[in-house]
Every structure is written in structure tokens, then in C-alpha cells.
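Everything below concerns the one structure shown next.
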Amino acid sequence: MDISIRIGGAAGQGIQSIGAALAKFFCRSGFHVFTNQDYMSRIKGGHNFYQVRISELPLSAALDEIDILLALDQNSIAIHHHVVRETGIIVYDQATGTADFTEPASLAIPLALVATEANGTKIMANNVALGALLGLMGQDLAGINDIIQQQWANKGAELVRQNIEVAKAGYDFVLNHSDHRLAIPPPSTKGYLLLNGSQAISLGALVSGCKFYAAYPMTPSTGIMVNLAAQAKKHGIVVEQAEDEIAAINMALGASYGGVRAMTGTSGGGFALMTEGVSLAGMTETPVVIAEVQRPGPATGLPTRTEQSDLLFILYGGHGEFPRVVFAPGSPSQAIALTNKAFDLAEKYQIPAFILSDQYLADCQWSYAELDTDSLTYTDYRLRNPELEKLPSYQRYQVNDTGISPLAIPGESSHLVVVDSDEHDEDGHIIEDAATRNQMVEKRLFKKLRMLRKEIAAPELIGHRQPEILLLCWGSTYGVVKEVTEILEPDHSIAMLHFSELFPFPASEEFAYLQLLDQASQTISIENNAGGQFAKLLRAETGFGVSTLINKYDGRPFTTTNLLGELNEFLG
Amino acid sequence: MDISIRIGGAAGQGIQSIGAALAKFFCRSGFHVFTNQDYMSRIKGGHNFYQVRISELPLSAALDEIDILLALDQNSIAIHHHVVRETGIIVYDQATGTADFTEPASLAIPLALVATEANGTKIMANNVALGALLGLMGQDLAGINDIIQQQWANKGAELVRQNIEVAKAGYDFVLNHSDHRLAIPPPSTKGYLLLNGSQAISLGALVSGCKFYAAYPMTPSTGIMVNLAAQAKKHGIVVEQAEDEIAAINMALGASYGGVRAMTGTSGGGFALMTEGVSLAGMTETPVVIAEVQRPGPATGLPTRTEQSDLLFILYGGHGEFPRVVFAPGSPSQAIALTNKAFDLAEKYQIPAFILSDQYLADCQWSYAELDTDSLTYTDYRLRNPELEKLPSYQRYQVNDTGISPLAIPGESSHLVVVDSDEHDEDGHIIEDAATRNQMVEKRLFKKLRMLRKEIAAPELIGHRQPEILLLCWGSTYGVVKEVTEILEPDHSIAMLHFSELFPFPASEEFAYLQLLDQASQTISIENNAGGQFAKLLRAETGFGVSTLINKYDGRPFTTTNLLGELNEFLG
Amino acid sequence: MNSWDEIYKGQRPAWCPGCGNFAILNTLKKVLLEEGIKPHQFTIVSGIGQAAKLPHYTKCNTFNGLHGRTLPVASGLRFANNQMLVLAVAGDGDCYGEGGNHLLHAIRRNMNIKLFVHNNQVYGLTKGQASPTTTTPTPTKTQPFGALSEPLNPLALAISLNCSFVARGFAGASGLPHLNKLMKAAIHHKGFAFIDILQNCVSFNKVNTFHWYKERVYQLEGSYDPRDRAAAFTRCQEWGDRIPTGIFYQCQRPVFEEQIEILNKTPLTKQIFDFEKAKQEVNGFS
Amino acid sequence: MNSWDEIYKGQRPAWCPGCGNFAILNTLKKVLLEEGIKPHQFTIVSGIGQAAKLPHYTKCNTFNGLHGRTLPVASGLRFANNQMLVLAVAGDGDCYGEGGNHLLHAIRRNMNIKLFVHNNQVYGLTKGQASPTTTTPTPTKTQPFGALSEPLNPLALAISLNCSFVARGFAGASGLPHLNKLMKAAIHHKGFAFIDILQNCVSFNKVNTFHWYKERVYQLEGSYDPRDRAAAFTRCQEWGDRIPTGIFYQCQRPVFEEQIEILNKTPLTKQIFDFEKAKQEVNGFS
Ligand SMILES: Cc1ncc(C[n+]2csc(CCOP(=O)(O)OP(=O)(O)O)c2C)c(N)n1
Ligand SMILES: Cc1ncc(C[n+]2csc(CCOP(=O)(O)OP(=O)(O)O)c2C)c(N)n1
Ligand code: SF4
Ligand code: SF4
Ligand SMILES: [Mg+2]
Ligand SMILES: [Mg+2]
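As they're listed, the protein sequences go chains V, G, D and H.
Here the first sequence is numbered in this note's numbering, starting from 1 and rising by one per residue.
Here the second sequence is numbered in this note's numbering, starting from 573 and rising by one per residue.
Here the third sequence is numbered in this note's numbering, starting from 1145 and rising by one per residue.
Here the fourth sequence is numbered in this note's numbering, starting from 1431 and rising by one per residue.
If you want it as C-alpha cells, here you go:
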């Protein structure tokens, strides 16, 4: 069973609330769900859609063909009717649309009328549609009550009741007016968690002891801030909206200096303003975690869409030379784990650590039976009292074997914590001599890098162990490449190699992935950008040049359908 | 003949004016001169030095051993006396220093006393020293008069006369008190021009028709602004000090949009603030030239010293993907030519073009018999009246074969010029659809890049044509690597390959330099940084990994002496 | 269709129905028509936000740049072409948040730029976060403890910097004839002219609604003397039950670009470059 | 050696002999001693410039960050530790030029930070370019047409933003006992306290020399009432033959961090992280 429902309409029509309720419903009923969103940079009007895919098996990507189209306006019928399968159906609002074709099947519902006839108001029409969809899929409607209850709780019990009624009316409308059914077998498990990338990164921060988050709003990164803000009071986190991105990163550094785990988040244009601050983190050796949620550039680009085009900018952003780690999770669960690892390494090595996400990862919801919390770690690497006070002396940049100087908290003890953006001596004071400079570069850069390299996990291989065709990917394309690999593997010698820990670039000691690359007859780098940035990085780091690039840079993610199409010619 | 004179003292003691006068004197007398500077980030005190190297042959680097040390304080004697050759001499101020050793020879001069006895004032003591140096080198003093005249002109004729007297007194003091002479044969030519990198970049801008320069002061880039400001009235150039670097680049873009050639300049930390603007230039296709004069980072680093550590940042700085050119001149003459080429390509392709310099290139003076102006070009690529007005219609982002849309000037005609930082259609208006996006990426990035690649010159090969040992370098290390190559070539199969046009990376069609690399048994990348950034770029672009890295990251440039030392072990 | 709408017809606005931006857009078009300014004779420079989309919705030369960077681009353009009428259009987040530093220094420069800020006291395009002018302690999704900073008073700020033209307008129907006059006065003013325009955001600002403004807004009385800086400073602090609109402060100050001799006769963009003269500088140098 | 110099002895200053910064440094040390503040009990956050080197020349916790970014770092530090005394030290270029936007918003926030700006009306460290406070039309090497922008009046700016403590001091010998008092008042003030300190630069400011200041500077009379914002605005515009110093404006406004409940009992940096509780959130989510 593999059903996709696409809800189309204008911004402001509430397609998101319908989609979210639907996803929750199936997830709680024990189905796996994958949702993705496509929306414009405007508040009202235009055209957006929300897609929900449902299956009893785990899902990690979207399809182009759909089974049900819920069209809230005529525009949605025009744009999407051709992707509805023959067996599918278009449900639309009778007041705003017409479907003047015979295939696929269609069902007109006077949404507002049904709502008012059920003693609701016109604005409850969305719940008529929601009920109708559940009717079409032959679901037990009871499960939706809780969800409506949650969504409308702060509007009062009466409205909750009305909305439940209205959903029921939509459900009944379908039972009475249509024979079309999409059979969905009853699920066997107890229900899943539903999580998108933004939520995952904010959970990752929360569970890593992040106590301060400063940011300036920027789509598609704002979700992280919103999610953390919602947890602020409960978990004692200060979330501060800065006057600009420069302030955001400098505030995070000030807070980190002050002794708390600190983070900032933004998208490419905002990150551009942060690079001086990143370099400051490098020089002062102040731990900080930075989430960069990519969108298509350059400049303002396509503000609400997706792209993987800031990889090289993140790797080399900031003047001068200093170590950093860069992670690009491929799924919400990876996002939790890697955000946790970013916080850990940022503090352990006193460096900036990056989470590279994008609009696609940020907004897509994945379903999970359970999230792994056992492998999450929390170690407080800071030097606090009573240890700190006991020290006979303290130097912020003490030179030692590891390059990692003790990280004390100012004000905790009588020892002073002196940090400096100029080159400095062990005490943190300005110097200009060559010998101290050399010593500090050695400490700050070389020694730490040597150790950092050992922290990085190998890329993940999925599929054939000795593949002829090797698909390379990184970050958010994980899910779709995985699904495609799994589809193709039975008939082809194919595998995928996903890089989620990008920098320092994974060593191939433990896992000789370079050998796999050498042995494959086709190595195909799949990237949601125009430049093939990962392929460049791979060559810079290993000398290996891939045989083929598959790039997509129209602001839309790869879907299983289109990636399969793209790969067709290489399958021989 | 190859004489090096080092003038040491505290900031504010005037070592720069002595050094500059000396360099000018010999240059005008027909000697080749190379000067370099080493100074601290403070206005008074500390320790700085200025070195002047003189020869009848062209020079392109500095030596570590010197022939004359002029020490204006005791500190300078302590720091530098061990690098004075056995045949050399230390001249110092009797009032501030003592030289309690027998070798090298030394000569104490009561500078202030000599000045006052010659009817000057104490602050003229520097000219006593200047005269003394010329005496030691057996020069005809007459040539210095014009130079003193120029330096003191705005203080009045009387002071000029006094200073000339005082220099004469210093000269006579040496004749009377010392037998030490450094014989310098009379030169044969008519005199040379003396030029440093900052001056060269500003001349390059001037000669390319730059009409607007906006910047925020930042060492070591401020020299460009100062030099252009000095030409502002004569050549009709607006030089504006912006409130910050963000404003600087955005002002330059506004001026460029308005129809004039525009430029900005900064150092790494300031450039970090400009990357969003660089991306804006990329998206709006607004020509702009950006000089980045590197200094050691990260963060504030060593503000007055040198490093080549922003290469990868410049290559990938700015979010999203768009074309750019990056040039890194190796000498002042290359700086003029490449600044000219940067302006030309920036406007021809409507892209950001970079000049990557550093403190070493900025401050070093080279001597030239004549500078080539014949190969400089100026083509106005803008669409102006009457052609513009005649067009039936105009679209700023018209899609055509070349990817280069006509660049009209707003207000010149009744046609509108609409540019947008969002993704846009041919008219410049915001779009969000995938097809237009693809078309624009194709136009803006792919088509232009294909043509741009053909504009890039091959790297310069100096030395053996089929070398066993190949030295790779880029930017400001040109001179020193050249000198070292020329020294070693008679006895070794050695050559150097200098990259001054770094991006798009030179194709190896015309000149198969990759073959040279493959054939050499040793390929050594020499970089003034810790990371070997050029070596990374080379591998990313060609897959070729060099065999050895020689890095220097103490904030000081390579000298002929120390580079020879570093290379010793590879010479077999 | 009105003639102003025809002459200055642009793209179809992507604003929400009921948004105050429509009224500002239409008023501007009328002003342009009444002043006889043709589409190619002016340029609108804008940043990013709802307000900043405005130039696309009229017909004009347009530089729709980065969030917060309206004024530096406008300044650069005036340096290149001091015969171009340059309007800078920004949102309150754009101009007082991200772009705050440029506002300070653009006012100090006093270049001939007309700045219209659509002040809806909220970040509209990014969905309702607090802006620098948001009333305390409004809670938002990104301000878990509420908007706790003192709301910025843009007029007071401008007056403190001796901005040569400081006005407030209102984008409600009742305010439009007045806004029309303010825009014209700004255009005729020699130097930097700044109008903060109160604009309702129907989607995200549920506090300062159209009605909220309408009930409070009034025009400065005819006897008000905008040359008195001290009075202007006091008066612009009136905010609450009654909110004055009008020209609060106006003074004559040297216009930056007029002080640059080389721009006096011909705009930079029309000056012919003498390549040969420039080349002589190369070897004449030293 | 004075006891203040002993207790707060730092690195040897790299300032020019005769620079006004020495007096500010020494006054600060005296204030610290007199207030009984131990070196580890306070942090100086600074930017880049001559002024910004100050923390190295005393003994304290130090964050010597980027040019212009003093205030965001200081704010972040206060969020992390609202029991730490945080002094922010900046130059006029640092704070009013590069960092102008942060000044606006730091004043609005009103966090408990003490900002001391060494205003020498010039960019010292980078060798004499005009700063935002440079007198017009001073020509410099980077201002070929002179400094043409209206000099920024930092006090007027701060008052317009309703800064809760606005003062001016003078770094000349005659002004030091007064500066001492101002610094103490700033430290005792609840909220953001701002002192603009007139400081001579012997190397690059040949207009506003020590003597130039000395002849003009005087103290606000005892009867002056710093609670009157309108009067403060007028008074702070006095500049020329006579330049007043003192506390121009002071008011009580909610302190930002005091409004954040979760900071009320324990500073963030001392709050124990409950890893297990946080982990529960991961699977409790949805
Ligand atoms: C550097 C940068 N940071 C953040 C953003 C995201 N952003 C776009 S518009 C906007 C704020 C919009 O508010 P305002 O300027 O008040 O305009 P309005 O939409 O209310 O008219 C923000 C934060 C951006 N585009 N660029
Ligand atoms: C981003 C950035 N831009 C420019 C500089 C160069 N810079 C260092 S200090 C300074 C200005 C110094 O003036 P001010 O802040 O008034 O301090 P002062 O030296 O006069 O005390 C500048 C422009 C820098 N370090 N960083
Ligand atoms: S969100 Fe607000 S400001 Fe933006 S268009 Fe809608 S109503 Fe207008
Ligand atoms: S340059 Fe000026 S401000 Fe800097 S130390 Fe010297 S006198 Fe002081
Ligand atoms: Mg707004
Ligand atoms: Mg200063």
C-alpha cells in the first residue's frame, strides 16, 4: 500500500492545517507517513501544495504521481490533475472549481455549504475536506477527534465540537455521494512519531543542553527558532531575536564565552553576514553551533524553496584558517544525532560546528516508531569550580599536547578568562611575534585537526556491497536516493554512499570507500545544486573524480519518480 | 652588486620616510630597487623595520642578510645585528644605542646633534641618517635634494633648505668619521619607476575607468583607497568612505547599476561582511571589482602582516552559485594588468571580479624601466543612447545564446532597467516557477562560465622547460619564487609555475601544464598560509595532488634566503 | 482603469487582500502622475519584505536588493547619477532592524534620496515576528518572553540625527490625501527626506490594526512649525490615544553630492572616460 | 606604584605617549578599586581600535572581539551570566560606525551593560580617517572632498532611543574626578548606561586637541535635572564654544534580562542541565 494525497490551494487557504492533520491521523493509526511542502514566498494567494504519502512500510521520499488530489481552488486542478493516477480521484470545492474531464475521477463537494449545514461556519470548510478524505480512504473517523481537539483547543470547547461535527459531515458526504474508495488495510502497530527537520534540529539542540539561541528570522531556518522558543520556559532556554545576523552570532559567542552552550541558525544570505563571526569563533576558540538551512540562491533567490548550494561556502566561509566540523543530516533522526554530535564536538574542541540543512529537510515530516536516545551524549567539557578555583594558575590558551586548552568560565573563580580576536599568547593577550604565532597556529589548527579527523564517521553504504553503479549523495537527498537504491537494487548492481559528516572529510581507514569508488564503473553524484559541490569536495579531498553529475537546481527536491527517470540512462 | 639596507626603529620614528627617500634615490639613479616593510599594529613605539635592496639587475624579493643596518633605537641593534653581513656595517644613533661588539663594524652618529649643528632641528635627525647612508655608499648627494624638496614642499622653502643642509651634514659626518664604504658602481640607465602593490591596484582601477570606489578603512587595504582619493579630483572619481563594509559593497553595486565602473576594497574581515553583497552582484548580474588585501587571520589576527589564507574563501564566498573571476597578481606590474582585466571581465560578463592581494604585495615596492600600457584595454560594454533609445523593447535579463544580456543604464532612455535579488524573469520581475529558474541558471551560470573559461590565461612557467622539480605558487610569492628559481636553475632541473589567474581555473588546452606536473618528480606548492589552499584548489580542479607543501604562516613573507633554505632538502 | 494605474501599471501584487500596502502603492502612483514623473525618470530601490516588493507593482527603474541594504544601494546610485530621482522603499524590519546602521549614516550624509518606510510594526513576509517598532510586550512565536525591547521611535531617531525632512503618514483611506502631500513635499525637498508610513498588516499585526490606527491618527495642526527641532522631538513622542501625522521636522542642510565638485556639471555616469589621459598616469606615477 | 595600578596591572599599553586613553584607563582602575570590584568579578568586552585594546591594559575577564561587535557579545554574556558586571569599551568608529546598528538595539533592550565610548572623533588605529563624529569638512587621506556628513551626536541619538543612562565625560586631567563619578553612576545604574568620553588623539586629531576640549568642556550645573528628556535633548546639542559634560538623561526602564523569568534565580551558566528530562522530550514530541 502506497497512497499519496496532495492538497493544493492558495496561501492562506489552510492547506497546511489539513495536511498536518491528515499526516498525524495516519501516523497515529500506525501507518508510516512522509510529507513534503511546496509554497511560495507570500502570505495569501498564489499556489502552494502539501503532500502526504502513506504506507505500512517506512518512507523517505515523495512521489510525483498521486492518488488523491484535494483542490481548494481551480488553479490546483489545472496544475495537478495530470499527476493523479488513473485509479485516483480529484476532490475539489464545488464553489471554486470545476473538473471538465472524465479521467481521473472527480468529486465536487460544496465545502462551505456542508459546513454550514452541519451547524458550522464557512471557515470550517477545511474540516469538511479533511473528513471527506478520510471517508474516501475508508478510515474510522474517531481518530480525528483528538487531532481537531488539539488544533482548536485554544479557541474553546464549542468550536472544537463544531469542527468535529463538520468533519463528520464531510465524511458522510463522501459516503453518500461517491463510490470511489482507496482501500487501506488496517495497520498492525501502535502508531508512530512524526518529525520534520526543523523540529529535529531544535530537539537535538535541546537534548544537547543548548541554553541560548540567538537568530534573526529567515526562511527556511525560522522553524528551529520557533520550536526552541516553544520549549524555552519549560527547559530554561533563552531564545533571543537579534537585530541582524551579525548580532546573532556575536551574541551566541558572548553567551558561549559566558559558559553556556549556544547556537544560532539562519539561511545562506544570513550566513553570509555571519562569516566574520565564524572566524572570530575560530580565533577565540569559542564553541558555537550554527545551523544553515539552505534555500536557492544567489541573493534572495527562491526564499521558500530548496537547494544544496552552500556546501563550499560553509566549508570555507570565514577569513583565515581554523578548524570546523560540518554535518549535513539526511533525515530528521540523523538531524537529532548530528546536532547532538555538533554540540559535543564544538565544546570538546572549542570550534564552530555546522549543521547544514535545507528547506526540504526542514519541512519534510518522517515517521518513526521510536527515536534513539541511547546514543545521545552529554559531557560538560568546561572547567568549573571546584576544579577551576583549585588551579594555581589559568591560561585560556595554554599550549599542551592536544591543542585543547582548558575552557574556564569567567567569574566562576578568581582566575581570569581572557580571549582575543588578535593573535595572542597563552594568556590571551595580543602578540605580534612569529614564534608565538607559529605556536598558536600549531595548537589551534594542526593539533586539533589531527584529533578531529578521528571523530568523523564513515559515509553510509546502502545496497550492493560491490556495486557497479555507485550513487553518491549528501545531506537531505538521503531519503530519496535510498528509496531509489532500494527499488533498483534487486535488478542492478547498485549502491548508494551517503555523506552526512562532511568535514573534516571522512578518512577511508576504517571503511575503504575509495576502493568502492575505484571499482565501480559508474559513480554518480546526485546533488540538489548546479555546481556539483560535493563532487568538487570529494576530488579536493581524495583526488577522485566522479563519472557523472546529476543536478537539480530548480528549487524543487528530487522525488523518487524523477530520480528514477534521471538514472534510467545509466542502468544499461 | 646587491646591497640590502634595513632601517629599524619604533613606530613614529620616521623609518618609513628614510626608507622611501632612499628607495627613490637609487631608483632615480638608475638602480633596481626592491623594498619591503615589517610593522606593528600601533602608531607609536614597538618595533618596525623597512628594507631597501639595491642592484643593477631587476629584483623581486628580499634577502635576510643585510649590508647596512640603520638602527634608530637600541632595540633595532639587538634584533637585527646578527643578520648584518661580515662586510656590512651598523649605523646607529649615538643618543639611543650602543653596539658592544666588534663584528660587524658599526658607526655611531649623534643624529640630533649633527642636525642642530647644521642649523637644523632635532626632528630633522632622520635626514642626517639618510645623508649618512648615502655617504657610506659613496653616492653623489645631489640627487637627494629633489626628493627632500618633494617630501617637505608643503612645509615651506626654508625647511626644505634646512633639511638638505642636514642631510649634507650626515653625509659629511660619514666621510669624516668612517672608512667603511660599500662600493656601488655608477649605473648605466636613466632611472626607474618605483611602485608598490596598492599603488598598482589603484592605477589599474584608474586606467580602467573606475569612477566610484567605496570602502571602509582596513589595513592593509586602505592604501588603495588613499591612492585613488589622491587622484579623485584630477580624474573625476568619487571615493566614499562607507559606514561599514556591507554599505561599501552595496554602494558600489548601486553605482554600477547607475552606469559607472565601481570598485570596493577591504581585507579578510571586511570581506566576510561583503559576501552577501557578492552574492547580490551574482544574482543581479551587476559588474563590480573587489580587491581583497589579505592579512593573517582568523578574526583580527595580525592586522599589519601578511598571509595568503583567504583564497578558498574568495572562491566560494557568497551563498548560492554564480560565476566570478579571481586574480592574484604576483607583482605591481601584474597588479595593474590584472586589475584592468578584472574591470574588463566584470563588465563584459556582468559579474564580480576579484583582485586577491596581501600586505606583502601591497607594501613592497618594485622598480620598473617602464610599465606596459599598450596591452591595457578599455571597452565600454554598457548599452547607452543612442543605441538604447532606438530599441523597440528592453529586458534586463534577456535570454540569448551568450548568457550576457544587454546592460542598459537606467534613466538614459525610456526603457526601464529592473534588477532583482530574487529569482526573476527576463524583465527582472520576481518569479517562482521551475522553468524560468532553470533558464536563468543556465543563462547566468553555465553559459557565462563556458565563455569565461576561455578568457583565462595559462600559468606562467619560468625556468627549465621539462623540470624534475616544479615549484607551484600563486599571487604575491611570485617574486621570491622567481628569484629562487633563477638562482637554482643553473644547477638543477627546476622551474616554477605561477598562477595569477586562479578562477575559472586555467584550462590546460593551450599550455599542457598538467603534463609538466605529471612528469616532474617533485611538485612543491609554496604558500604563505597553513592550509595549502592552492594545492587543494589544484586537486579539486584537476585531480592532481602535489608531492610537497611548503607553508609559512607566521605573518612574514618568504625571503629568498629562507625559501632557499626550505628547498634545500628537495634538491638532492 | 485610472490613468495613474495605467501609466504605472506593474506586476500583480502578491500582497494579502486588505493590506495597507495597496493604498501606499496607489498614492505613490498618483503622486508620480501629478508630478509628471515618467516611469524611466525615477528608480525605486528596495530591500526584502512585503513593502520591498513595491517597485515590481509599479513601472519604474528598479533595484530590488537585499534585506536591509536599500540605502547604500540608493546612495551609490545617486553618486553615479545625481540627476536620477531615487526613492528608497523599505519595511520597518528592513530599515530599522537589519538596515539600522545605514539609516543613521544615510541621514547624516543627507543625499537627495526619498525614503518611504512601510511601518506595519511587524515582520510581515517572514510571518509575524516582532520588528523594532512592535509594541511591548507582544508575544510572538520567536519571542517566548514577549517583545521586551523599547519600541523604536523612527521619528525621534531621525530628528536626533538632524535629518533634513522627517514625516509620518498613514496608509488608511482617510490619510491618503495627506500622504499624497507628504510624498510630494518629500520629492521636492532638497536632501534626504524620510516618511514613516503607518501601515496595517491584516495577517500578522492584530494589535495595530487599521481601526486602531484610524481611531488615533490625526494631522499636525496648521500652526505647527516644522523648523523647531526641540518641538519636533517632543511632538514626535506623542503615541497612544492620539498619533500625529505630518511633517515633524524640516531643515536645510548641505546636500552631500552637491558638495562634490566633480559632480556639479555632469552626472558621473555621463562623464566620458579619457583612457589616454589615464594611461599617462601609469608611467607618470612615482 | 598606586594600589589601583598594582591590583589591575595589565599589559604595557601600545598607545602613543600623550594619548587620552591613558587617563580613561587609570580612572577606570581607580573606580574599580573604590567600588571594591575584584578583577575576576567583571568582564570587559571590546571591539577593535585603540580604545578597544583597553582590557589588555588592566586585569579582568576579557572578550576582545571584532571591530564594531562589542555590544552583541556583551549582551550574549549578560544572557549567560546576569550576575557578571559587563563593561563594553569601544571607539567612536567601532561603536557609531561599524557597530551603529547594535548600539540602537542594545539601547532598546536596556540590558545591564555599561558602555564607555572613547570618542576621539577619528579612526586612530587605522591612521586618521574620519569617524562618524569627525567635524565637517575635515579633509583626510580617504575623504578627498572632506568629511561631509553631519557629525553624529551620540548623546542625542541615545536620548532619542530613550536610553536609560546617557552621559558625557572628558578624559583631560581636569575632567577625571568627574569621569570617575560618571563611571560609578553608570555602574550603579540599573540598565544600559552609556558614557561618551571625549578623548584626545595626539597623532591624528589635530582639530579636537586636548587644549581644544579643555577650553570648552564644563560640567552641567547642579540644578540640571537629568529626568527631563526634552531638556536633555536640547542641552546635548550644545557643542562649540562650550561643551557640557555630565549625566544628561537618566530614566528607569525595565531591564531586559530581569523580565526573563527563567533567569531570575540562577544565571544560565550555573543552571544544571537535566539530560534525562531533555531526552524524554525527544520521544514525547509530536
Ligand atoms: C539577510 C537576511 N536576513 C533575513 C531575511 C528574511 N527576511 C525577509 S523579509 C524580512 C522581514 C520583513 O519585515 P519588514 O522589513 O518589516 O517588511 P514587511 O514584510 O513587514 O513589509 C526578513 C527577516 C533576508 N531575506 N535576508
Ligand atoms: C570589519 C573590520 N573593518 C575594519 C577594520 C579596521 N579597523 C580597525 S580599528 C578601526 C577604526 C578605529 O577607530 P575607532 O573605533 O574610533 O577607534 P580608535 O582607534 O580611534 O580608538 C578600523 C576601521 C577591522 N578591524 N574590521
Ligand atoms: S503579511 Fe501583512 S504586510 Fe504582508 S502583504 Fe499580508 S497584510 Fe500586507
Ligand atoms: S593614534 Fe591617537 S588614539 Fe591611538 S594611541 Fe595614538 S593618540 Fe591614542
Ligand atoms: Mg514590517
Ligand atoms: Mg576613534
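The C-beta atom is built at its ideal place from N, Cα and C for all residues, glycine as well.
For the candidate residues the options, whose alpha-carbon lies nearest to that of residue i?
| i | options | result |
| --- | --- | --- |
| A142/V | A247/V, M274/V, K168/V, A281/V | K168/V |
| F1130/G | I1003/G, C936/G, E1113/G | C936/G |
| K1644/H | I1625/H, N1630/H, D1704/H, C1446/H | N1630/H |
| L1462/H | N1610/H, A1481/H, G1558/H | N1610/H |
| V399/V | E426/V, K390/V, P392/V | E426/V |
| D374/V | E117/V, I336/V, R556/V, L69/V | I336/V |
| N717/G | A820/G, T761/G, F598/G, S627/G | F598/G |
| K1285/D | K1271/D, S1293/D, R1360/D | K1271/D |
| L383/V | T286/V, F49/V, G259/V | G259/V |
Run through chain V and tell me which residues come within less than 9 Å of residue i, C-beta to C-beta.
| i | result |
| --- | --- |
| S881/G | H319, G320, E321 |
| I1762/H | Examination of residue 1762/H is not possible in this model, given that chain H is present from 1431 through 1716 alone. |
So residue i contacts chain H; which residues on that side make the cut at Cβ distance below 8 Å?
| i | result |
| --- | --- |
| R1397/D | E1580 |
| G1244/D | G1530, N1531, L1534, H1535 |
Could you tell me which chain H residues have their CB closer than 7 Å to the CB of residue i, listed as they occur along the chain?
| i | result |
| --- | --- |
| I1404/D | F1575 |
| E255/V | Per the sequence shown, residue 255/V should be read as Ala rather than Glu. Per Cβ cutoff of 7 Å: G1506, L1507, F1509, A1510. |
Identify the contact partners of residue i in chain V, using a Cβ-Cβ distance below 7 Å as the criterion.
| i | result |
| --- | --- |
| Q1273/D | P217, Q241 |
| Y1393/D | Within 7 Å Cβ-Cβ: nothing; Y1393/D doesn't reach chain V, min ~25 Å. |
| P1584/H | Simply none; closest approach about 18 Å. |
Which bits of chain D does residue i rub up against, with CB to CB less than 8 Å?
| i | result |
| --- | --- |
| G1670/H | Those do not exist, as G1670/H stays about 15 Å from chain D at its closest Cβ, beyond 8 Å. |
For residue i, which residues in chain D fall below 9 Å Cβ to Cβ?
| i | result |
| --- | --- |
| Y622/G | Under the 9 Å cutoff, chain D gives no residues; its nearest Cβ is about 18 Å from Y622/G. |
Quick one: which chain V residues come within Cβ less than 8 Å of residue i?
| i | result |
| --- | --- |
| K1153/D | Result: empty, since nearest Cβ-Cβ is about 19 Å, beyond 8 Å. |
| N1101/G | E321 |
| T1492/H | L416, V417, V418, V419, D420, G428 |
| T1270/D | P217, M218, T219, T222 |
Taking only heavy atoms of ligand 8 into account, decide whether any of them is closer than 6 Å to the Cβ of residue i.
| i | result |
| --- | --- |
| M573/G | This structure simply doesn't include ligand 8; it includes ligand 1, ligand 2, ligand 3, ligand 4, ligand 5 and ligand 6 instead. |
Which bits of chain G does residue i rub up against, with CB to CB less than 9 Å?
| i | result |
| --- | --- |
| S1633/H | G584, I615, K616 |
- Query: Between the segment 190 to 204 of chain V and chain H, which residues of the former have a C-beta closer than 8 Å to a C-beta of the latter?
  - Reply: Cβ contacts with chain H: L193, L194, L195, Q199, L203.
- Message: Three Cβ pairs or more, each shorter than 8 Å: is that satisfied between the segment 551 to 564 of chain V and the segment 492 to 505 of chain V?
- Response: Judged by pairs of C-beta atoms under 8 Å, the segment 551 to 564 of chain V does not touch the segment 492 to 505 of chain V, as fewer than three such pairs exist.
- Quick one: which residues of the segment 708 to 734 of chain G get their C-beta closer than 8 Å to a C-beta of chain D? List them in chain order. Hits within the stretch: zero.
- Task: Note down, in chain order, all residues in the segment 267 to 287 of chain V with a beta-carbon under 8 Å from any beta-carbon belonging to chain H.
- Result: Under the 8 Å Cβ criterion, the segment 267 to 287 of chain V contributes E276, G277, L280, T284.
- Message: Output needed in chain order: residues of the segment 1160 to 1174 of chain D with a Cβ under 8 Å from some Cβ in chain V.
- Response: Listed in sequence order: C1160, P1161.
- Query: Between the segment 796 to 809 of chain G and chain H, which residues of the former have CB atoms less than 8 Å from a CB of the latter, in chain order?
  - Reply: Within the segment 796 to 809 of chain G, the residues whose Cβ lies closer than 8 Å to some Cβ of chain H are M797, V798, A801, A802, A804, K805, listed in chain order.
- Message: When you compare the segment 1533 to 1547 of chain H with the segment 1368 to 1379 of chain D, are there three or more beta-carbon pairs, one atom per stretch, that lie closer than 8 Å?
- Response: Using a C-beta cut-off of 8 Å, the segment 1533 to 1547 of chain H makes no contact with the segment 1368 to 1379 of chain D, since fewer than three inter-stretch Cβ pairs fall below that distance.
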